[in-house]
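Contents: one structure, followed by commentary.
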Amino acid sequence: MQDEQNLIHLVKQGDKEAFAQLYENHFDKIYRYVVLRIGNKTEAEDMTQQVFLNALRSVSTFKWKGVPFSSWLFRIAHNLVVDYMRKEKRQTIVCLDESMVSSDCGPQLLAEQKLDTEQLIRATQKLTAAQREVISLRFAGGLSVAEAAKVMGKSEGAVKALQHSAVINLRKALSGSVPNENR
Amino acid sequence: MKTDKELNNILNECLERLLVKGETIEQCLANYPEHTAEIEPLLRTAVAIGRASAVEPRPEFRSRARYQFQSALREAKPQRRLPFFGGQPRWAIAVVTVLIVLLGAGGTVAAADDSMPDSFLYPVKLATEEVRLKLTASNLGKAELYAELADRRVAEIVYMVNKGESERVEDIGQRLNSSLVALAGLTSAEAGDRVFTAAEPAAPPSPAPGVLEKSDTGVTDGQGPGDEKTKLRTTLERYLVDHPAALNAALKEAPESVKPVLQKIIAEVTADYEEVLQALD
Numbered sequence: 012m013q014d015e016q017n018l019i020h021l022v023k024q025g026d027k028e029a030f031a032q033l034y035e036n037h038f039d040k041i042y043r044y045v046v047l048r049i050g051n052k053t054e055a056e057d058m059t060q061q062v063f064l065n066a067l068r069s070v071s072t073f074k075w076k077g078v079p080f081s082s083w084l085f086r087i088a089h090n091l092v093v094d095y096m097r098k099e100k101r102q103t104i105v106c107l108d109e110s111m112v113s114s115d116c117g118p119q120l121l122a123e124q125k126l127d128t129e130q131l132i133r134a135t136q137k138l139t140a141a142q143r144e145v146i147s148l149r150f151a152g153g154l155s156v157a158e159a160a161k162v163m164g165k166s167e168g169a170v171k172a173l174q175h176s177a178v179i180n181l182r183k184a185l186s187g188s189v190p191n192e193n194r
Numbered sequence: 015m016k017t018d019k020e021l022n023n024i025l026n027e028c029l030e031r032l033l034v035k036g037e038t039i040e041q042c043l044a045n046y047p048e049h050t051a052e053i054e055p056l057l058r059t060a061v062a063i064g065r066a067s068a069v070e071p072r073p074e075f076r077s078r079a080r081y082q083f084q085s086a087l088r089e090a091k092p093q094r095r096l097p098f099f100g101g102q103p104r105w106a107i108a109v110v111t112v113l114i115v116l117l118g119a120g121g122t123v124a125a126a127d128d129s130m131p132d133s134f135l136y137p138v139k140l141a142t143e144e145v146r147l148k149l150t151a152s153n154l155g156k157a158e159l160y161a162e163l164a165d166r167r168v169a170e171i172v173y174m175v176n177k178g179e180s181e182r183v184e185d186i187g188q189r190l191n192s193s194l195v196a197l198a199g200l201t202s203a204e205a206g207d208r209v210f211t212a213a214e215p216a217a218p219p220s221p222a223p224g225v226l227e228k229s230d231t232g233v234t235d236g237q238g239p240g241d242e243k244t245k246l247r248t249t250l251e252r253y254l255v256d257h258p259a260a261l262n263a264a265l266k267e268a269p270e271s272v273k274p275v276l277q278k279i280i281a282e283v284t285a286d287y288e289e290v291l292q293a294l295d
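Chains as they are written, first to last, in my numbering: chain L, 12 to 194; chain W, 15 to 295.
Encoded structure:
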């Protein structure tokens, strides 16, 4: 895989294959982030697609100034989520079907994980908006604290604090139902 | 006793080791035995969160999305900036420059302001706009002007749709798109450090990314930058509704030959406004 900064450089020069590579690199993470933020499968699919179309349209304005492309992309996703929330004025929770759960799990884990995904989405609704954002960026989006801080416009220390409080609150919300972890 | 900050750091370090490096909870806790009781349950929850977050897109969606994105990628044209004066005839530029700089808003310019694309004064109108952009110092002022130009373009598109001139509609649609792309560029987070390019010598503290500031001396109504930004946002939110609505209304009456072009413009306008408003958040 080419270095992301190099890919951006190629994209800026009109290299469409480079952009396709960036798309592949980030598609799943963006989708997971959106699902966890809005908890609506259909909307998450549309929104994920829109994130990349928006990125395609405005990549010419992107400048690599210490802000990773991933942070920029998640910022687009964040803004779409905020708009969605503003318009919908609701936070829908849907039952997730099996197709949404990683298919590389065994049957036992698949059932457990399906349950967990639903629980997690419900539990995140009990968090503050900032805590939910941190959990979505860190765990679903796979961003580092530094990258999440860039997306949220906060310091790394603030993101760590939010992460800490979010995990505590999620543990409370999930108490009694968190599967035993044997790693 | 550790402070909250230290615990935040310990938790984060352990999360990195668990989720990125693939270490076990026990391996991480071995470094912090005095905090096992406090950190371990959080790490177990965190691992469960990590697993539960691993939602995969449906294969059908993944295929469809990839196809649509690659189609969009193929159709994407390199973003070209319209040259200064937008390729308007030299005579129009000369007339406008003289009228604006020396005489103020002369009758010709004023008349051209209301002209439509099928009018012989239309090049003067476009050249006037380019001059106004050039003479506007602040990025916020430019953003306001681009919004005004977008409003004009929509009115022109509706007018030309009624005339059934698809080529002109397409051309104006491109100008509309250019204005909105420029507007997005001015309001985007990446432009956060450019909005002070025309700032006073004693620049104010660094703004939050994407925050527009009125930095020229044209603000005399006592409004602060925040007021100006709010005003711009209100205008754009109105346009987000009004412009697609006007274009959709025109679409209903449009000749068949114009409909595909107009539909494309409507889709672009809606997406462009949403992008601009997101950047303003």
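The beta carbon of each residue, even a glycine, is placed where N, CA and C say it ideally should be.
The Cβ-Cβ distance between W:A66 and L:L131 falls below 8 Å.
For W:T248, no Cβ of chain L is located within less than 8 Å of the residue's own Cβ. Per DSSP, W:M174 is one residue of the alpha helix (DSSP H) stretching across N153 to K177.
Among the residues of chain L, those whose CB is under 7 Å from the CB of W:L87 are K27, F30, A31 and L67, following chain order.
Sequence-distant partners of W:E282 (beyond 5 residues in either direction) whose C-beta falls short of 6 Å from its own C-beta, in its chain, are N191.
Straight through space, the alpha carbons of L:K137 and L:Y44 are spaced by roughly 17 Å.
Distance between W:I53 and W:E242, taken at the CA atoms: about 48 Å.
Look at the beta carbons and you see the region 138-149 of chain L not touching the region 63-76 of chain L: under three pairs across the two are nearer than 8 Å. W:P269 and W:K177 have their C-alpha atoms some 9 Å from each other.
In this structure the region 159-179 of chain L does not lie against the region 50-66 of chain L, because fewer than three pairs of beta carbons, one per stretch, are closer than 8 Å. Put simply, of W:E158, W:V168, W:Y173 and W:A169 the residue whose alpha carbon is nearest the alpha carbon of W:A196 is W:E158. If you check each beta-carbon in the region 18-33 of chain W against every beta-carbon of chain L, the ones closer than 9 Å belong to D18, K19, L21, N22, N23, L25, N26, L29, E30, L32 and L33.
For a cut-off of 8 Å, the C-beta gap from W:L32 to W:C42 is around 6 Å, short enough to register as a contact. Identification of residues in the region 43-65 of chain W having a C-beta nearer than 7 Å to some C-beta of chain L yields P55, L56, R58, T59, A60, V61, A62, I63, G64 and R65, given in sequence order.
Pairing L:N90 with W:L294, the inter-Cα distance amounts to about 10 Å.
Looking only at W:I186, W:T142, W:A86 and W:G155, the smallest Cα-Cα distance to W:D132 is reached by W:I186. Considering only L:E54, L:M58 and L:E28, the residue with the shortest C-alpha distance to W:E289 is L:M58.
Unbroken alpha helix (DSSP H) stretches of 4 residues or longer found wholly inside the region 53-97 of chain W: 73-89, given in chain order. Straight-line measurement puts the Cα of W:Q82 at about 19 Å from the Cα of L:G25.
Contacts with chain W at 8 Å (Cβ-Cβ) include L:E56.
A direct Cα-to-Cα measurement between W:A285 and W:L135 gives close to 31 Å. Chain-ordered, the chain W residues with CB closer than 7 Å to the CB of L:I146 read I63. When the five nearest sequence neighbours on each side are left out, the beta carbons in the same chain lying within less than 7 Å of the beta carbon of L:W83 are those of F73, in order along the chain.
Per DSSP, L:V145 is one residue of the alpha helix (DSSP H) stretching across A140 to I146. In this structure, the straight-line span from the alpha carbon of W:E184 to that of W:A264 is close to 14 Å.
For L:K171, the chain W residues whose C-beta falls within less than 7 Å of its own C-beta are N22, N23 and N26, listed in chain order. Listed in chain order, the non-local C-beta contacts of L:L47 below 6 Å within the same chain comprise S147 and A151, local neighbours out to five positions each way being set aside. Per DSSP, L:H37 is one residue of the alpha helix (DSSP H) stretching across K27 to I49.
At least one CB atom of chain L sits nearer than 8 Å to the CB of W:E288. Interface criterion not met: the Cβ of L:I49 is under 8 Å from no Cβ in chain W. At least one CB atom of chain L sits nearer than 8 Å to the CB of W:S67. Under a criterion of Cβ atoms nearer than 7 Å, no residue of chain W is adjacent to L:L154; the nearest Cβ is some 11 Å distant. W:H49: not part of any alpha helix (DSSP H); DSSP gives it neither H nor E. Rounded to whole angstroms, the separation of the alpha carbons of L:E56 and L:K165 is 28 Å.
Chain W places no beta carbon closer than 8 Å to that of L:Q142, leaving this residue out of the contacts. Judged by DSSP secondary structure, W:G187 falls within the alpha helix (DSSP H) whose first and last residues are S180 to T201.
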